[in-house]
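Colleague: Take a look at the following structure, please.
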Amino acid sequence: MSRPVLIRFILIASLLLPASLCMAFFWPETTHERKTNWVGAPGPTQPIAFYHHVHVNELHIPCAYCHWTAANSRYANYPPVEVCWGCHKNISVTHPQIARVRQYYIDKKPIPWVRVNQQPGYVHFVHSSHIGAGIACATCHGNVGSMYAVYQPIEMNMGWCISCHRQYQKKFHPYQASVDCYTCHY
Ligand code: HEC
Ligand code: HEC
Ligand code: HEC
Ligand code: HEC
Ligand code: HEC
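Using this note's numbering, read the sequence shown as starting at 67 and increasing by one per residue.
Now the structure itself:
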């Protein structure tokens, strides 16, 4: 570099450095709000204090007992209140949280669970393809079985999706995942 060019470069760089530091500092905040995701504990307060820790780690109820559509369709269902009531008509009936479960059951109203994982509308995601390829729930959702209020231990951003898809692009791999834009956006 010639001298004047070098000086100009240093000048511009010294102006850009504080600006990029500011960006790095504020950027993650704004992306969180836009995605309305729950990265990091604690998760949102739910209408019923339902704890995976009690039902999965202590009682060993399988995920599919409550989330049975994950294996066969795009979305994973929330368990209808009838599933809760199947056990709780006999268990912890006097517990105040269970009294509230009973009220939803009697009123035939679904429990309005607050959604934790939600991609923006322009992202296409299908549970069944991933479960079918043998990927465990925990790979994406972390150890939900040990959580109280569910949160996201992993931020499911585009770079994260793509870096896994790339691992499935080796020749002769039984499952091939594409990184073409239209796989996830259309
Ligand atoms: C490859 C990553 C991945 C795996 C594996 C995975 N999920 Fe998900 N899950 C997601 C993403 C991404 C969303 C948000 C989907 C959206 O907004 O369209 C989500 C959303 C959910 C939801 C909220 C409802 C919905 O479908 O949007 C539930 C419940 C859920 N997952 C349960 C499970 C269970 C149970 C398993 C295992 C049987 C599982 N997930 C496996 C990535 C995954
Ligand atoms: C397969 C049976 C089963 C299902 C299904 C089930 N639970 Fe439970 N649940 C239990 C048991 C057993 C306990 C522990 C009771 C204890 O510790 O005395 C429990 C504990 C609880 C507690 C804490 C109450 C306490 O006594 O500490 C809440 C709240 C609760 N469950 C809500 C739910 C909700 C909401 C659903 C539906 C999404 C649900 N449960 C589905 C069996 C079940
Ligand atoms: C007894 C029923 C039950 C079992 C068993 C269960 N879940 Fe759930 N799950 C629920 C309920 C109810 C909610 C909604 C309330 C909440 O977020 O805690 C939920 C929420 C979730 C969410 C967050 C959904 C969202 O809004 O993004 C994920 C992820 C999830 N479960 C994964 C799992 C995994 C993985 C397992 C097995 C390790 C599992 N669940 C076992 C009942 C259950
Ligand atoms: C841990 C690895 C892994 C992660 C993380 C992952 N995927 Fe995948 N994905 C796969 C594999 C493997 C396939 C191919 C499955 C097959 O061949 O049937 C796939 C397939 C797909 C497909 C094609 C589904 C179909 O049936 O056409 C879509 C869409 C997709 N993934 C979206 C996403 C998005 C969006 C994310 C991030 C939120 C994501 N994936 C994260 C491994 C992953
Ligand atoms: C494997 C799935 C996957 C593939 C392939 C993919 N994306 Fe994405 N993309 C996502 C997810 C998930 C998000 C939302 C989360 C985020 O913002 O990181 C996203 C977000 C975006 C956004 C919005 C970013 C923002 O900050 O608002 C743009 C633009 C985008 N993708 C463009 C592309 C283009 C162009 C390609 C092809 C080169 C591509 N994507 C391929 C999953 C994917």
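Glycine included, C-beta positions come from ideal geometry on N, C-alpha and C.
From a predicted model like this one, the values you see are computed outputs, not experimental measurements.
1) Can you tell which of 202, 233, 204 and 188 has the C-alpha that lies nearest to the C-alpha of residue 245?
2) Would you kindly work out how many angstroms separate the C-alpha atoms of residue 164 and residue 237, rounded to a whole number?
3) Would you list the residues whose beta-carbon is nearer than 6 Å to any heavy atom of ligand 3, in the order they occur in the chain?
4) Secondary structure at residue 169, three-state DSSP: helix, strand or coil?
5) Going by DSSP, which residues form a beta bridge with residue 218?
6) Among residues of its own chain, excluding the 5 on either side of residue 178, which ones have a beta-carbon nearer than 8 Å to its beta-carbon?
7) In terms of residues, what are the limits of the alpha helix (DSSP H) holding residue 197?
8) Going by DSSP in three states, residue 122 sits in which element: helix, strand or coil?
9) Thinking just about the alpha-carbon of each residue, which of 107, 250, 183 and 185 is nearest to the one in residue 231?
10) Nearest-angstrom Cα distance between residue 155 and residue 211?
Modeller: The answer reads as follows:
1) 233
2) 52 Å
3) 112, 116, 118, 121, 122, 127, 129, 131, 132, 133, 144, 145, 179, 181, 182, 183, 203, 207, 210, 211 and 216
4) helix
5) 105
6) 113
7) 193 to 198
8) helix
9) 250
10) 23 Å
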